[in-house]
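A.B. asks: Residue numbers (this note's numbering), protein chains in the order written: chain A, 489 to 778; chain B, 1038 to 1354.
Take this structure first; my questions come after.
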Ligand SMILES: Nc1ncnc2c1ncn2[C@@H]1O[C@H](COP(=O)(O)OP(=O)(O)OP(=O)(O)O)[C@@H](O)[C@H]1O
Ligand SMILES: [Mg+2]
């Protein structure tokens, strides 16, 4: 299973760098492309995903890959559907009536379509950090422990160990270690956002989704979270939505560019930013649009 | 501010677009002052009425406390104001009052919370709109009907299960009062829960929480100040409620917390005395004010506790 996935990724990546439509009609060209240095494994793969808010067709046949232990950035103008796409990964749309999906988000290694799985099961495996920090009205410790408790971790020492690990992972330990049992609302906005990252990291999710995690923060807090993501790189699979192109260029390995509900370009970040295939992408990253 | 003769300003052109006219600003300041004064008067009136009630209660209980020492009032376990050797242990009435209120809360807290969770977290808007009128209906039932329901329906029914239950007892009015305050506590709690921002719920769901876990671990803690306020105010209502206990709990001052026995509450005593014709100025007459003062203080105490809890648990979203 793993092997076959790997070969598929190779194919994918070859296509991606060559075609604005990652899974378009260019498969036969795969042999002509140079092999990527090493083929990473896929964590998830979006295939022809459509999404509707009621009658509004918001995502149109989106296809992209999420590579294991890499940061994938989703960029695009406001309202193009970045958050909508991200929230498909953890089935957040199921909380509201009238929303509808069509297509697949294949989850690896077991190769199952998460659109057809139980939403609760999906969310136990895929963590999310939101645009606005949203800690629970509980202590710092209990915030981080919440995701562990729901997964049946109850032993006190194990909880402490995992909470410390997650807070260190989110670069919050030094600031929080003396006030673990104080309310999370006593933290600053940037600290609250790092707490939310720690909360999402604690259960060691397969994929961590981040929806503009720094847009409500000042430059210093933003820099801290970017540093953090750079550290997480290579250990956690991250999909991040961002408005900030410099941020995407700095922290991501792969970039997807969306335009009006369609995924226009997907590929290795460097290539997307230096030699975009689509004129739309080019306009966006050179600031002529959006 | 220099006044401008009104004839100078063209009335049709007084507006804020493209720079305010002097007259516009003057007029706005005037209406702001009028509104502030009206609101201040309304606030002052309500404070004055409250102070007036407290004043009357205290003034008319002073002569009582000149004859009955406070220590006896607070420690004696007999309340026999019209007997020849009258005894004034107000705890007799307080014990019945608290017992009924506690039973009411035992009913209202789980049922009210359950209903509020259901309406706010589970029910779709259609169902919610269908249930709410029934709650309002429940709230609109006259208390005298609840009283007779407790006396003539609930007590006989309970007696078939609990053989030791007296005809007048604290259990039946307590249960009925729980149902009576339920619509209020449920709808205030539901409002508090529904005002919890969706982003907080999403944080819970994103961690893999079930709907119930989101309700219990995210929504309730976040809405706790409002929920506590709802139950404290419900408790205040139960303590001050008169008709149900006057009808179904009996008029017999009886110290103790046994829900199976009948006993007069503070309110039942006051209404009983108020309906008889007591000689003005007699000690029994004055005891009504002393009992009223105690009732007021208990209610005040609950409200202060509620206020304190609200501040302690106040959440900033
Ligand atoms: N709950 C909803 N119901 C209906 N339409 C929605 C809903 N949420 C978003 N939309 C619409 O779907 C489109 C995509 O929205 P989305 O939030 O995914 O954009 P976005 O790319 O994340 O934008 P931004 O960068 O501003 O966050 C927008 O046109 C938006 O108006
Ligand atoms: Mg968005």
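Ideal Cβ placement from N, Cα and C applies to all residues, glycine included.
With 7 angstroms as the threshold, decide whether the Cβ of residue 1246 of chain B is near any Cβ in chain A.
C.D. replies: Yes, residue 1246 of chain B counts as interfacial toward chain A.
A.B. asks: Could you pull the start and end residues of the alpha helix (DSSP H) that residue 1074 of chain B belongs to?
C.D. replies: 1059-1104 is the extent of the alpha helix (DSSP H) around residue 1074 of chain B.
A.B. asks: Which ranges would you report for the alpha helix (DSSP H) in the stretch 569-605 of chain A if only whole runs of at least 4 residues count?
C.D. replies: The stretch 569-605 of chain A contains these whole alpha helix (DSSP H) runs: 570-577.
A.B. asks: Taking 6 angstroms as the cut-off, is the CB of residue 576 of chain A close to at least one heavy atom of ligand 1?
C.D. replies: No - ligand 1 has no heavy atom lying nearer than 6 angstroms to the Cβ of residue 576 of chain A.
A.B. asks: What is the DSSP secondary structure of residue 481 of chain A, counted as helix, strand or coil?
C.D. replies: Here chain A covers residues 489 to 778 and nothing more, so residue 481 of chain A does not appear.
A.B. asks: Kindly say whether residue 638 of chain A, judged by its beta-carbon, lies nearer than 7 angstroms to any beta-carbon of chain B.
C.D. replies: It does; some Cβ of chain B falls within 7 angstroms.
A.B. asks: Which value, in whole angstroms, describes the spacing of the CA atoms of residue 682 of chain A and residue 599 of chain A?
C.D. replies: Rounded to whole angstroms, residue 682 of chain A to residue 599 of chain A spans 32 angstroms at the Cα level.
A.B. asks: Under 7 angstroms from any heavy atom of ligand 2, by CB: list those residues in chain order, please.
C.D. replies: Going by the Cβ distance cut-off, the answer is A:570, A:571, A:619, A:699, A:700 and A:729.
A.B. asks: Kindly confirm or deny that the stretch 621-633 of chain A and the stretch 1226-1246 of chain B touch, where touching means at least three C-beta pairs closer than 8 angstroms.
C.D. replies: With the cut-off at 8 angstroms, the stretch 621-633 of chain A and the stretch 1226-1246 of chain B touch.
A.B. asks: Quick one: complete beta strand (DSSP E) runs, 3+ long, within the stretch 733-759 of chain A?
C.D. replies: Listed in chain order, the complete beta strand (DSSP E) runs (minimum 3 residues) inside the stretch 733-759 of chain A are 742-747 and 750-756.
A.B. asks: DSSP three-state call for residue 1199 of chain B: helix, strand or coil?
C.D. replies: Note: residue 1199 of chain B maps to coil in three-state DSSP.
A.B. asks: Would you check whether ligand 1 has a heavy atom nearer than 6 angstroms to the C-beta of residue 541 of chain A?
C.D. replies: Yes, Cβ of residue 541 of chain A sits closer than 6 angstroms to a heavy atom of ligand 1.
A.B. asks: Please name the residues in the stretch 576-607 of chain A whose beta-carbon is closer than 7 angstroms to at least one beta-carbon of chain B, in chain order.
C.D. replies: Going along the stretch 576-607 of chain A in chain order, one finds 578, 580 and 583 with a Cβ nearer than 7 angstroms to chain B.
A.B. asks: Given that residue 626 of chain A touches chain B, what residues does it touch there, using C-beta distances under 7 angstroms?
C.D. replies: By Cβ distance, chain B contributes 1258.
A.B. asks: Is the beta carbon of residue 567 of chain A within less than 6 angstroms of some heavy atom of ligand 4?
C.D. replies: Of the ligands one can find in the structure shown, namely ligand 1 and ligand 2, none is ligand 4.
A.B. asks: Per DSSP, which residues does residue 541 of chain A bridge with? Please list them.
C.D. replies: Paired residues: A:544 and A:587.
A.B. asks: Please classify residue 734 of chain A as buried or exposed, where buried requires at least 16 neighbouring CB atoms within 10 angstroms.
C.D. replies: Result: exposed.
A.B. asks: Beta carbons nearer than 7 angstroms to chain A: which residues of the stretch 1220-1241 of chain B have them?
C.D. replies: Those residues of the stretch 1220-1241 of chain B that come within reach of chain A (Cβ to Cβ, closer than 7 angstroms) are 1236, 1237, 1239 and 1240.
A.B. asks: How would you list, in chain order, the residues of chain C whose beta-carbon sits under 7 angstroms from the beta-carbon of residue 612 of chain A?
C.D. replies: The question asks about chain C, but that chain is absent: this structure's protein chains are A and B.
A.B. asks: Name the residue from B:1300, B:1315 and B:1337 whose alpha carbon lies nearest to the alpha carbon of residue 1114 of chain B.
C.D. replies: Among B:1300, B:1315 and B:1337, the Cα nearest to that of residue 1114 of chain B is on B:1300.
A.B. asks: For residue 1255 of chain B, return the contacting residues in chain A, with the cut-off set at a CB-CB distance below 7 angstroms.
C.D. replies: Here the neighbours are 624.
A.B. asks: Go through its chain and collect everything with a Cβ distance to residue 1185 of chain B's Cβ below 7 angstroms, but skip five positions before and after it.
C.D. replies: 1284, listed in sequence order.
A.B. asks: Pick helix, strand or coil for residue 699 of chain A, following the three-state DSSP scheme.
C.D. replies: DSSP places residue 699 of chain A in strand when its eight states are reduced to three.
A.B. asks: For residue 616 of chain A, decide whether its Cβ has a neighbour in chain B, counting only Cβ atoms nearer than 7 angstroms.
C.D. replies: Yes, contact with chain B.
A.B. asks: Is the number of C-beta pairs between the stretch 1171-1189 of chain B and the stretch 1271-1283 of chain B that are closer than 8 angstroms three or more?
C.D. replies: The stretch 1171-1189 of chain B vs the stretch 1271-1283 of chain B: in contact.
A.B. asks: If we define contact as Cβ-Cβ less than 7 angstroms, is residue 635 of chain A a contact residue for chain B?
C.D. replies: Cβ-Cβ to chain B under 7 angstroms: yes for residue 635 of chain A.
A.B. asks: For a test of your reading of the model: does the CB of residue 710 of chain A fall under 6 angstroms from any non-hydrogen atom of ligand 1? Yes or no.
C.D. replies: No, the Cβ of residue 710 of chain A stays beyond 6 angstroms of every heavy atom of ligand 1.
A.B. asks: Is residue 546 of chain A near ligand 1, going by C-beta to nearest heavy atom under 6 angstroms?
C.D. replies: Yes, Cβ of residue 546 of chain A sits closer than 6 angstroms to a heavy atom of ligand 1.
A.B. asks: Taking residue 579 of chain A as the reference, which of A:571, A:603 and A:590 has the closest Cα?
C.D. replies: The option with the nearest alpha carbon to residue 579 of chain A is A:603.
A.B. asks: Quick one, which of A:689, A:679, A:536 and A:720 has its alpha-carbon nearest residue 704 of chain A's?
C.D. replies: Considering only alpha carbons, the answer is A:679.
A.B. asks: If you drop the 5 nearest sequence neighbours on each side, which residues of the same chain put their C-beta closer than 8 angstroms to that of residue 757 of chain A?
C.D. replies: 561, 736, 737, 740, 741, 742 and 743, listed in sequence order.
A.B. asks: In whole angstroms, what is the alpha-carbon distance linking residue 1205 of chain B and residue 1305 of chain B?
C.D. replies: Straight-line Cα distance between these residues: approximately 13 angstroms.
A.B. asks: Exposed or buried, residue 1074 of chain B, counting other C-beta atoms within 10 Å across all chains shown (16 or more means buried)?
C.D. replies: It is exposed - the Cβ of residue 1074 of chain B has fewer than 16 other Cβ atoms within 10 Å.
A.B. asks: Ignore the nearest five residues each way along the sequence and tell me which others in residue 569 of chain A's own chain have a CB closer than 7 angstroms to its CB.
C.D. replies: Correct list, in chain order: 546, 547, 746 and 749.
A.B. asks: Is it buried or exposed for residue 489 of chain A, if we count other Cβ within 10 angstroms and need 16 for buried?
C.D. replies: In this prediction, residue 489 of chain A scores a pLDDT of 41, lower than 50, which makes its location untrustworthy; the coordinate-derived value is nonetheless stated afterwards. So residue 489 of chain A counts as exposed.
A.B. asks: I need the DSSP call for residue 1180 of chain B, collapsed to helix, strand or coil.
C.D. replies: Of the three classes helix, strand and coil, the one that applies to residue 1180 of chain B here is helix, per DSSP.
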